[in-house]
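Numbering (the numbering used here), first residue to last: 6 to 110.
From the three backbone atoms N, C-alpha and C, an ideal C-beta is built for every residue, glycine too.
Here you go:
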């Protein structure tokens with residue numbers, strides 16, 4: 006039931022927070038994958054954490070996919086998410102992607 010789903014989300018939140026604070030970026034991405042597969046409700050803070058993991062582990066393609074997922078889920082993309090994406094793309098010399106992102110602002 007919903008109670009179980011909430012408990013699951015709480016556990017994932019705790020694990021995400023722990024992994025991101027200790028710099029375990031691959032684990033953050035794995036948790037995100039599991040949460041997506043479980044169709045859990047992801048909020049802006051989840052996406053922000055996952056985007057940061059993409060940035061720290063140098064995965065622009067993954068960051069772009071996460072960003073698309075975020076937009077598809079109907080969340081209003083905030084400035085901090087845009088900034089992480091721009092940094093990820095700039096670091097990997099994806100200037101066209103940066104220009105596309107800036108056009109969306």
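Exercise. To the nearest angstrom, report how far apart residue 20 and residue 14 are at their CA atoms.
Key: 10 Å
Exercise. Look up residue 51 in the DSSP assignment and say whether it is helix, strand or coil.
Key: helix
Quiz prompt | Start and end residues, alpha helix (DSSP H) containing residue 44 | solution = Note, residue 44: premise wrong, no alpha helix (DSSP H); not H, not E.
Quiz prompt | Buried or exposed (CB count within 10 angstroms, at least 16 for buried), residue 67 | solution = buried
Quiz item: Cβ of residue 49 within 7 Å of Cβ of residue 80?
Solution: yes
Self-check item: Own chain, CB closer than 7 Å to residue 82, minus 5 neighbours either side, in chain order
Solution: 75 and 76
Quiz prompt | Rounded C-alpha distance that separates residue 95 from residue 57 | solution = 14 Å
Quiz item: By how many angstroms is the C-alpha of residue 11 removed from the C-alpha of residue 51?
Solution: 15 Å
Quiz item: How about residue 84 and residue 60: do their beta carbons lie closer than 7 Å?
Solution: no
Self-check item: Where residue 64 falls: helix, strand or coil (DSSP)
Solution: coil
Self-check item: Top-ranked residue by Cα proximity to residue 62, from 16, 31 and 22
Solution: 31
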